[in-house]
DNA sequence: GTAAAGTCTGACATCCATGTCAGAGTCAAG
DNA sequence: CTTGACTCTGACATGGATGTCAGACTTTAC
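Protein chains in written order, with UniProt numbering: chain A, 1 to 121; chain B, 1 to 121.
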């Protein structure tokens, strides 16, 4: 599909889709005339990118994990031995981020629990 | 304590402490001469702010939750019923982010598991 | 073959979280 | 008092994610 359709289907502007590509998060094929051509799976990829961004990761970090994610999804398995260390570090960073988010959520839960239950009573 | 000590104890620059105040995340008292005077509990507050920022929240959102958190910590309980919905939404967003990060981490784990174990052999 | 819609690149603009610096006032130790 | 460390405000700067616009080319529909 072309960029317009991907934009419509993901709700992400064409501008950003091109930006993500420049940051190494997407690698659409190009037609002879230069038009970007995306796979069906890119819809999912873009949504995943958006969630990771919303979770506080930057494009550089996301770029690190995307290729392996893709390869795993495509069942090509063993991949990029030279980035194994990067992956391990990334995994640890993800773990830290998860813990932080959980702590934050606990905080919110506590605040909600402290709120009056009879709001409109 | 003054801003310098708070900065040292939290590792957050004075510049940012003033910025957070301007964004409504901190409300230190002021001495007659205008010096900011922070509570012990502000050390914790600042660390919490940092975690929330790292988790992808912006200062505006954090400002929304901080009063409730503070009141909860201080046991003053009932607070801001009008932001309850915001808090719930925020919590759901965090849950979503957590799940996505976990999914990403699982993918990384799978990729790592598929990697050759005899890298240097 | 022409018009409309879609796409390309590249530039400029904005918002947010930060850094840095300057000039002026405050405080504490000698 | 004076000096040095600390603080205040305000301005300018930057990097990252994003918007918008312009000018040129491509594709599709008639």
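Here a beta-carbon is modelled for each residue, glycine too, at the ideal position from N, C-alpha and C.
Every value quoted in this text rests on a predicted model; they were computed, and no experiment measured them.
Have a look at residue 106/B and residue 17/B and give me their C-alpha separation to the nearest angstrom. Here residue 106/B is taken as the residue at index 106 of the second chain, counted from 1. Here residue 17/B is taken as the residue at index 17 of the second chain, counted from 1. Distance between the alpha carbons of residue 106/B and residue 17/B is about 36 Å.
Reduced DSSP secondary structure (H/G/I, E/B, other) of residue 29/B: Your numbering for residue 29/B matches position 29 in the second chain. Under the three-state reduction of DSSP output, residue 29/B falls in the strand class.
Should residue 55/A and residue 101/B be called a contact, given that it needs their Cβ atoms to be closer than 8 Å? Counting from one through the first chain, the residue named residue 55/A turns up at place 55. Counting from one through the second chain, the residue named residue 101/B turns up at place 101. In this structure, residue 101/B lies closer than 8 Å to residue 55/A by Cβ.
Output yes or no for whether 8 Å exceeds the beta carbon distance between residue 108/A and residue 46/A. As a position in the first chain, residue 108/A is number 108, starting the count at 1. As a position in the first chain, residue 46/A is number 46, starting the count at 1. Result no, Cβ atoms of residue 108/A and residue 46/A do not sit closer than 8 Å.
Residue 63/A and residue 96/A - do their beta-carbons sit closer together than 8 Å? Position 96 of the first chain, counting from 1, holds the residue named residue 96/A. Position 63 of the first chain, counting from 1, holds the residue named residue 63/A. Taking 8 Å as the Cβ cut-off, residue 96/A and residue 63/A do not qualify as a contacting pair.
Work out the CA separation of residue 50/A and residue 39/A for me, nearest whole Å. Taking the first chain and counting its residues from 1, one reaches residue 39/A at position 39. Taking the first chain and counting its residues from 1, one reaches residue 50/A at position 50. Near 17 Å, if we compare the C-alpha coordinates of residue 50/A and residue 39/A.
Please classify residue 48/B: is it buried, with 16 or more other beta-carbons within 10 angstroms of its beta-carbon, or exposed? Locating residue 48/B in the second chain gives position 48, where the first residue counts as 1. Its Cβ being crowded by 16 or more others within 10 Å, residue 48/B is buried.
Counting along the chain, where does the alpha helix (DSSP H) carrying residue 46/B start and finish? As a first step, residue 46/B must be located in the second chain, where it is residue number 46. Run containing residue 46/B: 41-54, per the alpha helix (DSSP H) assignment.
Within 10 angstroms of its Cβ, does residue 72/A collect 16 or more other Cβ (buried), or is it exposed? By one-based count along the first chain, residue 72/A stands at place 72. Annotation note: pLDDT 49 at residue 72/A (below 50); position unreliable, no value reported.
Verify whether the separation of the beta carbon atoms of residue 25/B and residue 59/B is less than 8 Å. In the second chain, the residue the question calls residue 25/B occupies position 25. In the second chain, the residue the question calls residue 59/B occupies position 59. Yes, Cβ-Cβ distance for residue 25/B and residue 59/B is below 8 Å.
Residue 46/A versus chain B: which residues are under 7 Å apart at the beta carbon? For the purposes of this step, residue 46/A is taken as the residue at position 46 of the first chain. In chain order: nothing, as chain B lies at least about 13 Å away.
Using a Cβ-Cβ cutoff of less than 7 Å, which residues in the same chain neighbour residue 31/A once the five nearest sequence positions on both sides are dropped? What you label residue 31/A is simply residue 31 of the first chain in a count that begins at 1. Around residue 31/A: 37.
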